[in-house]
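Notes to accompany the following structure.
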Amino acid sequence: MNKSDNSVLVESEAGVRTITLHRPDVLNAFNADLMAALGEAVREAEEDKAVRCVLLTGAGRAFCSGQDLAEYAGRLDSDDPLDLESRLRDEYNPIIAMIRKMEKPIVASVNGVAAGAGCSLALVCDLRIAGESASFIQAFINIGLVPDCGSTFMLPRLVGVSRAMELTFTGRRVKASEALEMGLVNRVVPDQELPGEAMGLAQQLANMPTRAIGLTKRMINAAWTADLQAQLELEATLQTLATRTDDHREGIRAFFGKRRPQFKGH
Ligand code: LHQ
């Protein structure tokens with residue numbers, strides 16, 4: 000399946016659904032069309048059983064520069080200012096929540112700058128692989144705004160409160176090498192190798208027991224607000240579900256058959 004509209008490109012290959020933000024002239028800034036297309040693409044990826052891993056990236060030299068400031072600023076002092084509250088509540092937030100809840104791995108392939116809500120989008124994905132020239136900017140403060148789209152949730156969990164405070168207060172650019180040191184990204188690769196490496200990682204995940212990955216994601220999400228006893232209970236419940244999957248049986252058969260398992264994701 001290959002589908003595209005003006006602002007998002009969608010491709011499928013062997014269980015991997017690639018979603019490419021596609022407004023390269025403005026570094027893939029979010030406008031209303033892009034948000035609508037991204038929401039639809041994420042929803043379709045979640046619903047399609049053939050999709051076992053999602054890869055999210057940007058066209059051109061950037062991952063995403065956050066809210067389209069031209070769309071916003073043009074109406075700032077007009078009689079019809081952009082309603083940021085409903086934009087966030089009705090458009091951005093459901094997409095962020097959907098990505099975290101989706102019981103499939105989602106990998107951000109960060110091909111350039113990720114700024115503002117674009118940085119939040121990268122952070123909310125499960126794994127991040129970055130090209131050497133990628134960078135991360137909590138750009139909100141540079142225009143007198145506060146972080147949104149989940150950055151205040153994800154950033155301290157990924158890099159610790161102290162670094163999260165520094166990055167959100169200063170709005171400074173974090174280069175890929177520093178992002179790797181602080182645990183903001185999982186891997187950094189040469190720019191020209193990023194598409195292949197990111198697809199390789201996504202294919203690797205898509206060939207895993209993806210139902211078990213989805214259940215693991217549910218548990219790690221729950222752990223952020225649970226106590227140990229609640230988490231032990233959840234592990235017992237979801238392990239029971241995992242034991243009932245075909246992939247579990249296949250894993251056991253392959254172990255004793257001394258062969259590589261062929262997981263199907265159910
Ligand atoms: C852009 C943008 C952009 C429009 C580059 N918009 N054109 C806020 C409000 C509402 C609801 C939801 O949430 C949010 C949260 C947010 O996302 S607030 C944060 C918004 N983003 C920013 O403040 C980042 C603004 N961009 C930049 O600081 C720089 O462009 C970065 C550091 C990302 C990249 O710098 P450069 O590599 O030097 O590129 P550039 O600045 O020359 O940009 C290239 C073109 O893209 C340029 O257009 P032009 O016509 O001159 O070639 C920019 O105007 C345009 N562009 N970001 N967010």
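Quick note on numbering: the sequence shown equals residues 0 to 265 in numbering that gives the first Met the number 0. Don't be surprised by glycine CBs; every beta carbon is placed ideally from N, CA and C. Source: prediction; values computed, not measured.
Would you identify the three-state DSSP class for residue i, choosing helix, strand or coil?
i	result
Glu-39	helix
Lys-100	helix
Ser-134	strand
Ser-161	helix
Arg-172	strand
Asn-1	The pLDDT assigned to Asn-1 is 48, lower than 50, so where the model puts this residue is not dependable; a value taken from the coordinates is nonetheless given after this. Three-state DSSP puts Asn-1 in a strand.
Ala-205	helix
Gly-111	coil
Ser-11	strand
Arg-156	helix
Arg-252	helix
Ala-225	coil
Cys-52	strand
Val-145	coil
Cys-124	coil
Met-34	helix
Pro-260	coil
Gly-117	helix
Any idea if residue i is buried or exposed, counting beta-carbon neighbours within 10 angstroms, 16 or more meaning buried?
i	result
Asn-5	exposed
Met-153	buried
Lys-103	buried
Phe-262	buried
Ile-94	buried
Val-160	exposed
Val-145	exposed
Leu-227	exposed
Asp-246	buried
Gly-182	exposed
Arg-16	buried
Using DSSP's beta-bridge definition, name the partner residues of residue i.
i	result
Phe-29	Gln-66
Gly-57	Leu-20
Glu-46	Beta-bridge pairing links Glu-46 to no other residue.
Ile-219	In DSSP, Ile-219 forms no bridge with anything.
Val-187	Ala-129
Ile-105	Val-53
Following a CB-centred definition, is residue i positioned closer than 7 Å to any heavy atom of the ligand PLP?
i	result
Asp-147	By its list of ligands, the structure shown excludes the ligand PLP, since it contains just the ligand LHQ.
Check whether the segment 17-36 touches the segment 105-122, counting contact only when three or more Cβ pairs, one atom from each stretch, lie closer than 8 Å.
-> yes
For the segment 189-201 and the segment 104-112, state whether three or more C-beta atom pairs, one from each stretch, are separated by less than 8 Å.
-> yes
Specify whether the segment 156-169 and the segment 121-140 touch according to this definition: at least 3 beta carbon pairs, one from each stretch, less than 8 Å apart.
-> yes
Assess, as a yes-or-no matter, whether the segment 50-66 is touched by the segment 11-27 under the definition of 3 or more beta carbon pairs within less than 8 Å.
-> yes
Mind the definition here: the segment 198-212 touches the segment 230-244 only if three or more C-beta pairs lie below 8 Å; say whether that holds.
-> yes
For the segment 34-42 against the segment 81-98, are there 3 or more C-beta pairs whose distance is under 8 Å?
-> yes
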